[in-house]
Each structure stands twice: as structure tokens, then as C-alpha cells.
Amino acid sequence: MTRAVASADVAVVGCGIAGLAAAERLCRDGLTVVMADPAGIASGATGASGGLVRALDLSRRYGDRAAESLDVYLRRGPRGHWPAVREDGSLTLFGAGDLRAAHEAAGRLRAAGHAVELLTAADVAARFPALSPAGVLGGVLEPRAGWLPAREVAAALVRDAGGRLLVLEARATRLLTRAGRVTGVRTSAGDVTAGAVLLAAGVGSVPLAAQVGVDLPLCTRSVGYCLFAPDDTAAATGLPTVVDATTGAWLRRWDDGVLLAGVTSKETDVPARVTHHVTDAERHRVHDVVRRLCPALARARFTGGVTAYDAMFTDGPGAVTAWPAAPGLVTAVGWNGGGFKLAPAVGAEAAALLKEAMA
């Protein structure tokens, strides 16, 4: 018989940013939480994240979650203890197909009190000489957005959760059930009994959910983070974080004139692991796109990088879901690279569903 190692109001599988945000909110509301992850806090996709945050969501797939989350990040969390947003600004470039969406999104954000500027391609080139917005119709500039150090934010969430949170560096192996209800998690360290369970472990959630008849059609997608040092280190001065919706490219300042960059990948079903290495093929793929966006990178030196992964649904956007067929179970998965910027809102939503599931 497996021994019980802990009991809490809620058990969370996965110590990434979504699970941490939910745990912090639950602890703030007076509940106890046990989190289980074999590698500990922010050891997967969260720890590798570029930490970009902005209010804009051109696709509207996630409603107002990005804007709500940016508000929380700008307040430095509920207690004011989180790292401050690096307010380099966020510039989202769009093509003709997104013109209407950009105008509508900018209007919604202004109405909600966010500072937003709509720029033409000529405006972008004049405002940010280091950029060459060829093939771009315009951009949405959010002066107060930017980026955050992901690991430092994760650590701040744990501190804010305080003594009501217990983190187990253990692997979840199965969901515990009684009378058709999810009642906890079996881990490599022992059983954790709980009033409700949150699965927030990306593709690691799939086999656990399947044990209680819940299908999570998730797959992994490769993410390469590349560091480039331009010959002219002044080229990065004044650059905002940039997301180019026409090519999938993004970049942000790193340090000492170095830029962190990536380009959305179509490579899926990759191992769910993080390695401090980028293949030559990925480095060249990313460089070929971002050098056109930022010509100063044409002769830039590659100084290092990380290969990581995202989890995405094969049939739709990420979601926070309570499962009536498996009472006591909530899932928060499938954010496809957007989990960090959405985390405070996702955590609040998951916490609310977990409290309902305990009732």
C-alpha cells in the first residue's frame, strides 16, 4: 500500500507558470496546496520562456486574459513583490489580413485603459530605425508592455503563496479516485489526497487525464531561443519587444546589446525537455527570418541558445476546464507559447473552478 505523504485542499500537477499562478491564488484565498513536479519549480517550458507580456491578442482566442494578466504584472502581483515589467514596449506587427483585428483590438484596449498606438509601416521604420518592416502593413505599440524574467516571477509566486504551499519534487503517476470522484494524486514520493486536482503539466497531463476518461489531444511543438550579438551593439538601443504576426518572428533585448530571438516552428511531437543547445539548422532558420526584420542582425554572432517546447491542443486553443465526467478534476493546458503572458488570468480562472469542484 502506498503511503500518504500529504493532504491539502488542492493538488496541482506541474510547477510551470499556470500551475503556480493557480496555487498562489488559492493560497491567497486561504486554501492549502500541494504541487508535484519531478524537476521542481519552472523546470520546463516556463523556465526557458522569453517572458514576453502584452495586452494585445489579435486572434481573440483568449478573450481578455492577456490584458487582465498584464495589469497584474504591471502591479507586480497582488502584494507588489513580483519583479517589475521591463517596460521596453511591445510592438506587434501585422499584415493586411489583420488590419481590422488590429484596429478593433486597439479600441478595446484603449477603452480598458491601456496605452496603445496604431502605427503604419512608415511610422514603425521612423520610430525604430533598427527595424525593416518589409511586407508589414502596420504595428500596434503598447508602451507599458515588454517582458519579465520568467524564473524570477515563478520564484515570486512561490514566496507569495507562503506556508500554505508545499512543493514535492516527485512524479505524478496516477490520479486517485473514490466513488467516481478524483480525490488526489499518487506520486513517486507517495499519495497526496486533496479536495480537487489541477493538471497543469502540459503533455504530462495527458496520460493522467486518460485514467479517468478525459481526453486531452495535446502535442508538443519545438521552440528555439537564440541569442545574437550585432556588430553594432547600439542597434538594440530603444528596441521594444517585437512580435511579427506575418512571419512568426519575435525578439527582445537581452543584455549588453545582445538580442534574444525566435521564430514559430512547425516541428511538432518533439521530446518535452529543455536543452541548452540549438541545432545549426534551427539557428540558421531563425537568423534567416530575424535578419530581415532587424538588418543589424545580418552579420550578428550567435552566442548561445536553448531548445525547449510548448504544449498545444491539436484542435483548438488552450483552455481551463472542469470535467463533469471526472468530478474534482480541472485542467489548464495547451497554451502554445502564450502561457506566461496569460498566467495570472488563467490562474485565477483555474482557482475559481477548483473551489467549485471542492464544493
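This note's numbering applies: residue 541 is where the sequence shown begins, and numbers increase by one.
Cβ atoms here follow ideal geometry from the backbone N, Cα and C, with glycine treated the same way.
Fair warning: this is a prediction, and the values are worked out from it, not measured in the lab.
Quick test of your reading: residue i and residue j, contact by CB under 8 angstroms. State the CB separation rounded to the nearest angstrom.
i	j	result
Gly744	Thr733	In fact, because the Cβ distance is near 21 angstroms, the residues do not count as touching under 8 angstroms.
Ala562	Val552	6 angstroms
Ala721	Gly868	According to the sequence shown, residue 721 is Arg rather than Ala. Indeed, because the Cβ distance is near 5 angstroms, the residues count as touching under 8 angstroms.
Ala838	Leu706	Not a contact, Cβ separation roughly 51 angstroms.
Asp569	Ala821	Wrong, their Cβ atoms sit about 47 angstroms apart, outside the cutoff.
Ala652	Pro683	Their Cβ separation, rounded to whole angstroms, is 15 angstroms, which puts Ala652 and Pro683 out of contact at 8 angstroms.
Assign residue i to buried or exposed, taking buried as 16 or more other Cβ atoms, counted over all protein chains shown, within 10 Å of its Cβ.
i	result
Arg543	exposed
Gly679	buried
Pro770	buried
Ser583	buried
Ser599	exposed
Asp917	This structure does not reach residue 917, given that the chain is present from 541 up to 899, and the question cannot be answered.
Thr808	exposed
Arg619	exposed
Asp731	buried
Ala865	exposed
Ala749	buried
Gly879	buried
Asp597	buried
Pro780	buried
Gly858	buried
Ala851	buried
Ala719	exposed
Ala701	buried
Ala548	buried
Ala585	buried
Verify whether the separation of the beta carbon atoms of residue i and residue j is less than 8 angstroms.
i	j	result
Val830	Val803	yes
Val574	Leu708	yes
Leu681	Leu631	yes
Ala576	Thr727	yes
Arg697	Glu564	First, the residue type needs correcting, since residue 697 is Leu and not Arg in the sequence shown. Yes.
Gly856	Val818	no
Ala789	Gly635	no
Arg904	Phe842	In the structure displayed, the chain extends from 541 to 899; residue 904 sits before or after that span and is not available.
Leu882	Tyr602	yes
Arg594	Ala685	yes
Arg810	Tyr849	Position check: residue 810 holds Val in this sequence, whereas Arg was assumed. It is a contact, given that the beta carbons lie within the stated cut-off.
Pro673	Ala661	yes
Leu738	Leu677	no
Ala624	Arg615	no
Leu571	Arg704	yes
Val550	Ala736	yes
Thr847	Ser762	yes
Gly742	Ala812	yes
Ala840	Phe768	yes
Arg792	Asp628	yes
Ala899	Ala862	no
Ile581	Ala695	yes
His621	Arg699	yes
Flag residue i as yes if its beta-carbon sits less than 8 angstroms from any beta-carbon of chain B, otherwise no.
i	result
Phe853	Annotation note: the requested chain B is absent from the structure, which comprises a single protein chain.
Under 8 angstroms, with one C-beta from each stretch per pair, do the segment 637-651 and the segment 754-762 reach the 3-pair mark?
Contact fails: fewer than three Cβ-Cβ distances are below 8 angstroms.
Would you be able to state if there are at least three C-beta pairs under 8 angstroms between the segment 745-754 and the segment 877-887?
They do not touch, by the three-pair rule.
Using 8 angstroms as the cut-off, can you tell me whether the segment 691-709 makes contact with the segment 578-597, which would need three or more C-beta pairs spanning the two stretches below that distance?
The count of Cβ pairs closer than 8 angstroms, one atom from the segment 691-709 and one from the segment 578-597, reaches three, so the stretches are in contact.
Cβ contact check for the segment 556-564 and the segment 865-875: 3 or more pairs under 8 angstroms:
Yes: at least three Cβ pairs fall under 8 angstroms.
Inside the segment 810-886 only - beta strand (DSSP E) runs reaching at least 3 residues:
Unbroken beta strand (DSSP E) stretches of 3 residues or longer found wholly inside the segment 810-886: 841-853, 859-862, 869-873, given in chain order.
Check whether the segment 767-780 and the segment 834-849 touch, using three or more Cβ-Cβ pairs below 8 angstroms as the test.
Verdict: yes, contact present.
What runs of the alpha helix (DSSP H), each 4 residues or longer, lie entirely inside the segment 545-579?
Scanning the segment 545-579 for uninterrupted alpha helix (DSSP H) segments of 4 residues or longer gives 557-568, listed from N- to C-terminal end.
For the segment 755-801, list the beta strand (DSSP E) runs that are entirely contained and at least 3 residues long, ordered along the chain.
Listed in chain order, the complete beta strand (DSSP E) runs (minimum 3 residues) inside the segment 755-801 are 758-769, 781-784, 789-793.
Alpha helix (DSSP H) segments (min. 4 residues) lying fully within the segment 714-741
If we require 4 residues or more, the segment 714-741 turns out to have no alpha helix (DSSP H) run fully inside it.
List, from N- to C-terminal side, the beta strand (DSSP E) runs of 3 residues or more that fit wholly inside the segment 639-726.
Segments of the beta strand (DSSP E) lying fully in the segment 639-726: 657-660, 678-682, 705-708, 712-718.
Segments assigned beta strand (DSSP E), at least 3 residues, entirely inside the segment 576-600
DSSP runs (the beta strand (DSSP E)) wholly in the segment 576-600: none.
Which parts of the segment 605-630 are runs of the alpha helix (DSSP H), unbroken and 4 residues or longer, counting only runs that do not cross its ends?
Secondary structure in the segment 605-630: the alpha helix (DSSP H) runs of 4 residues or longer, each lying completely within the stretch, are 605-614 in chain order.
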